[in-house]
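In the UniProt record's numbering, the protein residues as written are 182 to 413.
Working notes for the structure below.
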Ligand code: CTP
Ligand code: CA
């Protein structure tokens, strides 16, 4: 991971990376969350900075992780806060990477004080849909701006992770989709990842099991290649 061994091919590129997992509050002490630690997003930000990019990291609940050196951090908790931070930063960016795990749904309302168990039976939690931030970023992208999405897929009765990834790439309209394979000690709460890097041009590259820094380098290689001729 020595920075001086890395190419300086992202100099002059303004990058925004989201990382971590959003938390949707039920009351002042409880939330609906997910298993994303933020390690992959932090690795993406670290490697981009080491390769010369100007990096903003929009970090959802990653306070356990060190801030990569030279990286500007905006801390958020909920999907709504993450959305606001991305839309604030996006107009100035050349490259947007949505590595955060964003809650698809949030509780319809948040209790103003701690929900107590005494005196009542539990109520079902009503959920409402969160906006799809990645889709909004693609809709609002400026000319030449590159947008990268992530997908954590397990595979199911309707197809394997690659099948789901291809469908998601088409649906989201992104330039690249990083498909992570979930399960078997992969993706969440562990230092390794694997999967496929799918390009909007139909390119597909298999990423073998390796460190999150290695996966980050594979993505930045592809992004640097895709943006090589552009003004800085
Ligand atoms: N994403 C987002 N806003 C959301 C949900 C997801 O920006 N409300 C982004 C994620 O950061 C990721 C990409 O969309 O880059 C794919 O997320 P994923 O959960 O895999 O896709 P969904 O469209 O939510 O589909 P599903 O969860 O049903 O597989
Ligand atoms: Ca989702």
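We put the CB at the ideal spot given by N, CA and C, even for glycine.
So residue i is in the alpha helix (DSSP H); what residue range does that whole segment cover?
i           : result
residue 190 : Premise fails: residue 190 is in no alpha helix (DSSP H) and is neither H nor E.
residue 195 : From DSSP, residue 195 is part of no alpha helix (DSSP H) but of the beta strand (DSSP E) over 195-201.
residue 316 : 314-321
residue 205 : No alpha helix (DSSP H) contains residue 205, which is instead part of the beta strand (DSSP E) from 205-208.
residue 270 : 260-270
residue 228 : 220-231
residue 211 : Run containing residue 211: none in the alpha helix (DSSP H); it sits in the beta strand (DSSP E), 211-213.
residue 346 : 342-353
Under the rule that 16 or more other beta-carbon atoms within 10 Å means buried, what is residue i, buried or exposed?
i           : result
residue 223 : buried
residue 249 : buried
residue 393 : buried
residue 234 : buried
residue 296 : exposed
residue 342 : buried
residue 364 : exposed
residue 339 : exposed
residue 360 : buried
residue 428 : The structure shown does not extend to residue 428, since the chain spans only 182 to 413, so no value can be given for it.
residue 298 : exposed
Please state whether the Cβ-Cβ distance between residue i and residue j is less than 9 Å.
i           : j           : result
residue 357 : residue 329 : yes
residue 259 : residue 205 : yes
residue 318 : residue 346 : no
residue 208 : residue 292 : yes
residue 261 : residue 197 : no
residue 230 : residue 256 : no
residue 203 : residue 284 : yes
Got a sec, what are the start and stop residues for the beta strand (DSSP E) residue i sits in?
i           : result
residue 388 : 385-392
residue 329 : 327-334
residue 256 : 253-257
residue 237 : 235-241
residue 288 : 286-288
residue 309 : 308-310
residue 277 : 276-279
Can you find a CB in chain B that lies within less than 9 Å of the CB of residue i?
i           : result
residue 367 : Structure shown: chain B not included; a single protein chain is present.
Please confirm whether any heavy atom of ligand 1 lies closer than 8 Å to the CB of residue i.
i           : result
residue 225 : no
residue 347 : no
residue 296 : no
residue 403 : no
residue 199 : yes
Could you check if residue i belongs to the surroundings of ligand 4, using beta carbon to heavy atom distance under 8 Å?
i           : result
residue 290 : Absent from the structure shown: ligand 4. Ligands present: ligand 1 and ligand 2.
For ligand 2, which residues count as neighbours when the test is a C-beta closer than 7 Å to any heavy atom?
-> 283 and 285
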